[in-house]
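K.L.:
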Amino acid sequence: MAFRLLTARVTARRFIGAVSLIVLAVAVAFRNRGHETKAHCRLVPGDPDWPGQHDWDKLNRTVDGNLIATTPISSVCHYSSLLGDKGNASNYDQEACDALRDVWFFPQTHLSSPSSAMSYQFSNNSCNPFLAPDASCTLGHYVAYTVNATSTAHLQAAVQFVKRHNIRLVIRNTGHDYLGKSTGAHALAIWTHHLKSIELIEKYQDSGYQGSAIKMGAGVEALEAYNFASSHGLMVVGGNCPNVGLAGGFTQGGGISILSSKFGLAADQVLAWEVVTASGDLVTASATENTDLFWALRGGGGGTYGIVVSMTVKAFPDSFFSAAYMTLLNDGSNTDAIYSTIGTFLKSLPSLVDAGAWVVWVAAPFGFLVIPAMVSGLHQVELDSLFKPTRDKMDQLGLQYQYSSAEYPDFLSSYNQIPSTWNVSDYHMGGRLIPRDLVEDDDSNEALVGAIRHITSQTLMSGVAFNVANAVASPDEVAANPYFRKTIFSAVIGMPINYTDWGENKAAQDKITYDLLPALQALTPQGGVYLNEADFQAPDFKSTFYGGNYERLLAIKTKYDPESIFYAKTAVGSDHWEQRPDGRLCSTTSN
Ligand SMILES: Cc1cc2nc3c(=O)[nH]c(=O)nc-3n(C[C@H](O)[C@H](O)[C@H](O)COP(=O)(O)OP(=O)(O)OC[C@H]3O[C@@H](n4cnc5c(N)ncnc54)[C@H](O)[C@@H]3O)c2cc1C
Ligand SMILES: *[C@@H]1O[C@H](CO)[C@@H](O)[C@H](O)[C@H]1NC(C)=O
Ligand SMILES: *[C@@H]1O[C@H](CO)[C@@H](O)[C@H](O)[C@H]1NC(C)=O
Ligand SMILES: *[C@@H]1O[C@H](CO)[C@@H](O)[C@H](O)[C@H]1NC(C)=O
Ligand SMILES: *[C@@H]1O[C@H](CO)[C@@H](O)[C@H](O)[C@H]1NC(C)=O
Ligand SMILES: *[C@@H]1O[C@H](CO)[C@@H](O)[C@H](O)[C@H]1NC(C)=O
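When the letters of the sequence shown are read in order and numbered with our numbering, they come out as residues 1 to 591.
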C-alpha cells in the first residue's frame, strides 16, 4: 500500500528494478551452474550455492538451536584462528592443550565432541594436537556442522536440509568407526549420541519371538544397555568396549559380542528398527513391515540405508559367568615356544567357543595374552579344563606364564573385571575372518601360526573367537556377512599412527594392505572380512565385507535412498562416489 504513494521515487525504482533483473539473471546463471555440478558433486563452502548464514540460522531454529559449527577439539593447541566466518579469535591455550594431550587416546575425549573422530588418520591431519602451536589448524576432513539431535524431528530437518542444499551428510553416533565412516569433509553431521531413551518390553511377541526385549534409542552405549538390562535381571548382546553405541555401527555392521557364542551376532537379536529414511519419513522395519530394510539393517553396514532412531532387541535372563586371563611374555629366548603354544591354543578354540565362550587374545612382539575368555553358564573348573591343553603345552615347553580364572554371579560383575584399556586414535587397522577349519586341521594350523608370526613379530594383532554357526536358521536370514557363520575368530591387525611424521601413516596402512593382510588372505581365498574391523583400502570390499549379499543390499539401498544421500567409505553404494583431494565428494557415475 505505502509504496504506491511514493510516486516521486518511481523513476529510481525502475532503475533499481532493472538492476535487480540483471542481478537475478546472473544469480540464475550461477544457480544453473550450481545445478550442473549438483548431479556430480556435493557442495563445499565457497561454492556459489553453499547455504548462507540465513539458511544455517533457519536450520538452527528448526532443530531448536542444536546446530553446532565445528571447532576441532585440538584447536586449543594452535595459534591459528579458525575459518573466517567464525571470527579471528584463536583458541590457543597451552594448559588446555597439555590436558588434551594427556587424554587424547581415551574414547571419552572424542565421545563428547560433536565432530572429533576416534580414528585420527581420517582427519587429514588438519589440526594435530601433538604438533607445535604454530602448525595450522583447519577443519580438514572434520564435518562442517553438526545437528545435536534430541528428537526425530531434528533428524528429519537435517535430511531435508542436505537434500535441499546438496550437502554431504554424515551420521555420527559415538565416532568409534575404524574406517572413518563417522566423519566427512564439508559435511553436515547428524549426531545421534544424545538419543538415550531405553525401555523394557516384558512380553514382546511376534511370529518369531516371545520373551523379554529392550527398546533403545540410537545413542545408547553398551554399558548403559548392560546396566539397564542388569537392573531387570537381564542381559543383552553387546560388544567389548563400554561406550561403543549398540544401535549404530555395531549392530548394523553385525556386532561381535561377549554373548555371541550363546546367542549369535548382535544383528541376529534385532526385532525392530525405527528409521528416518532419505525421504524424511519415519518408518518401522520389522518382520512384518519394510522387511527388506529390516534385513539390510541387520548387518549390511551403518550409515547406508537410513538413520536408525531406535532398535528393539531380544534380552536374555542374566546368568553366572566364568572368565580366564593368561599372560605369556616374550623374553627374547622363548619365541619358538610361544608360537608353538599359540598353535595349541588356536586348536583349542573350537572347544572353547562351542562351550559358549568369547575369547579375546593378543599377539605382539612382547608376547601373547588372553584378555579374557568369558563364558556364561559354565563353571570355573570347566573353563580351566578347556585351557588345559594350552597350559600343558606351556609346561611341557618350560614356559613361564600367568593364568588366572574366576567365577562371577552375573554378567556385570564379570564384565567389570575386564581391564578397560580401550585406547583409540592410536592404530591403523586391517582385519580378516578366520574360518574354523583353518585351526582344526594340523597343516593349516601350522600355516596359520606362520602367518600370525609374520605379522606379530612386526606389530600387534588381536583375535576375537566365537561361534555363531547355528544362531540363525540360514546365514541369509540377516544381512551380516554370511562368512561369520563359519568363522572361528576375527583377526585384527594394528599399525601405530605416527602423529609427528604424517608421511609414515600412508606407509603403515599400505603395509597392512599389501604385506600383513595378504599373509592371512593367502590362507583364506574367497574369504571374509568384518566390515567394522577392516582395512578401508581393501580393493575387494564388495565381496569380502558383504559376502554374496552386496547386490541385494545395493538394490535395497537404491530403493530407500535413490539420491544416495547416505555415503560412507566402503559402505554399500560407496563405489559410485569418490572423495577428491580437496575433500569434495563427487559421483563417479554420470547420469
Ligand atoms: C575400542 C573399540 C572396541 C570395539 N569393540 C568391538 C566389539 O567388541 N565387537 C564389535 O563387533 N565391534 C567392536 N568395535 C567396532 C565397532 O562395532 C564399530 O566401530 C562401530 O562402527 C561403532 O559404532 P558406533 O555407532 O558406536 O560408531 P560411529 O563411528 O559413530 O558410527 C559407525 C558407523 O555407523 C553409522 N551409524 C551410527 N549411528 C547410526 C544410526 N543411528 N543410523 C544409521 N547409521 C548409523 C555411522 O554413519 C558410521 O558409518 C570396537 C571399536 C572400538 C574403537
Ligand atoms: C544455534 O542456536 C543456538 C541457540 O541460539 C546458538 O547457541 C548456536 O550458536 C547456534 N548455532 C550456530 C551454528 O549458529
Ligand atoms: C592410552 O592412552 C593414555 C591417554 O592418552 C596414555 O597415557 C597411555 O599411555 C595409553 N596406553 C597405551 C597402552 O597406549
Ligand atoms: C588435506 O590435506 C592436503 C595436504 O595437506 C591438502 O592439500 C588438502 O587441501 C586437505 N584437504 C582438506 C579438505 O583440508
Ligand atoms: C547436545 O545435546 C545434549 C542434550 O540436550 C546436551 O546435553 C549436550 O550438552 C549437547 N552437546 C553439545 C556439544 O552441545
Ligand atoms: C614417527 O616417525 C618418526 C620419523 O620417521 C620416528 O622417529 C618415530 O619413532 C615415529 N613414531 C612412532 C610412534 O612410530
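We put the CB at the ideal spot given by N, CA and C, even for glycine.
Between Ser113, Lys559, His176, which has its C-alpha nearest Pro72's C-alpha?
P.N.:
Closest option to Pro72, Cα to Cα, is Ser113.
K.L.:
Please report how far the alpha carbon of Glu440 lies from the alpha carbon of Ser74, in whole angstroms.
P.N.:
Cα-Cα distance, rounded: 48 Å.
K.L.:
Between which two residues does the alpha helix (DSSP H) holding Tyr79 run?
P.N.:
That residue, Tyr79, is in no alpha helix (DSSP H); it is neither H nor E in DSSP.
K.L.:
Hey, could you find the ends of the beta strand (DSSP E) His454 is sitting in?
P.N.:
Note, His454: premise wrong, no beta strand (DSSP E); alpha helix (DSSP H) at 442-456.
K.L.:
Determine, using beta carbons only, whether Val283 comes closer than 8 Å to chain B.
P.N.:
The structure shown contains no chain B; it is built from a single protein chain.
K.L.:
Considering only heavy atoms of ligand 6 and the C-beta of each residue, which residues fall inside 6 Å, strictly closer?
P.N.:
The answer, residue by residue, is Pro496, Asn498, Thr500, Asp501, Glu504.
K.L.:
Which residues mark the beginning and the end of the beta strand (DSSP E) in which Phe321 is found?
P.N.:
Taken as a continuous stretch (DSSP letters only), the beta strand (DSSP E) holding Phe321 covers 321-329.
K.L.:
Within the present structure, is the beta-carbon of His194 separated from the nearest heavy atom of ligand 5 by less than 7 Å?
P.N.:
Yes.
K.L.:
Alpha carbon to alpha carbon, how far is Thr109 from Ile307?
P.N.:
Between Thr109 and Ile307, the C-alpha separation is close to 24 Å.
K.L.:
Less than 7 Å between C-beta atoms, sequence neighbours within five positions excluded: which residues of the same chain meet that for Tyr92?
P.N.:
Closer than 7 Å at the Cβ level, and outside the excluded window around Tyr92, lie Val76, His78, Tyr79, Pro133.
K.L.:
Using a threshold of 7 Å, is the CB atom of Thr421 nearer than that to any non-hydrogen atom of ligand 3?
P.N.:
Yes.
K.L.:
Between Val26 and the rest of its own chain, which residues show a CB-CB distance below 6 Å, the 5 nearest in sequence each way excluded?
P.N.:
Interpretation of Val26 is limited by its pLDDT of 42, a score under 50 that renders its predicted location unreliable; the figure taken from the coordinates is listed afterwards. If we look at Val26 and ignore the five residues flanking it on each side, it has no Cβ neighbours.
K.L.:
So what's Trp502 in DSSP terms, helix, strand or just coil?
P.N.:
In the structure shown, Trp502 sits in coil (DSSP, three-state: anything other than H, G, I, E or B).
K.L.:
Determine, using beta-carbon pairs with one atom in the stretch 497-516 and one in the stretch 469-481, whether at least three such pairs fall under 8 Å.
P.N.:
Touching, no.
K.L.:
I need the boundaries of the beta strand (DSSP E) containing Ser587, first residue and last residue.
P.N.:
Where Ser587 is concerned, the enclosing beta strand (DSSP E) stretches over 585-587.
K.L.:
Please determine, among Asp102, Pro475, Asp392, Thr70, the residue with the shortest C-alpha to C-alpha distance to Ser123.
P.N.:
Residue Thr70 is the option with its Cα nearest to Ser123.
K.L.:
Quick check on this structure: which residue in Pro242, Gln160, Ala278, Gln94 has the alpha carbon closest to the alpha carbon of Thr558?
P.N.:
Taking only the C-alpha atoms, the option nearest Thr558 is Ala278.
K.L.:
What's the C-alpha gap between Glu563 and Ile190?
P.N.:
Looking at the two C-alpha atoms, the distance is approximately 18 Å.
K.L.:
Please report how far the alpha carbon of Leu378 lies from the alpha carbon of Glu221, in whole angstroms.
P.N.:
Taking the straight line joining both Cα atoms gives about 27 Å.
K.L.:
Quick check on the DSSP output: the beta strand (DSSP E) that includes Thr220 runs from which residue to which?
P.N.:
The question names Thr, but residue 220 is Val in the sequence shown. Val220 -> no beta strand (DSSP E), and no H or E assigned at all.
K.L.:
Strictly closer than 5 Å from CB to any heavy atom of ligand 2: give me those residues in the order they appear in the chain.
P.N.:
Cβ-based neighbours of ligand 2 within the cut-off: Asn60, Gly65, Leu67, Ala69.
K.L.:
Just verifying my parser: in three-state terms, what is the DSSP assignment at Asn166?
P.N.:
Coil at Asn166, not helix or strand.
K.L.:
Using alpha carbons as the reference points, say which of Lys203, Thr341, Val375 lies closest to Gly398.
P.N.:
If we check each option's Cα against that of Gly398, Thr341 comes out closest.
K.L.:
Ser151 to Val275, Cα distance in whole Å?
P.N.:
C-alpha separation (whole angstroms): 12 Å.
K.L.:
By DSSP's criteria, Tyr408 is part of a beta bridge. Which residues make up the other side?
P.N.:
Bridge partners of Tyr408: Phe321.
K.L.:
Between the Cα of Asp331 and those of Phe366, Pro496, Arg436, Tyr560, spot the shortest distance and give me the residue it belongs to.
P.N.:
Considering only alpha carbons, the answer is Phe366.
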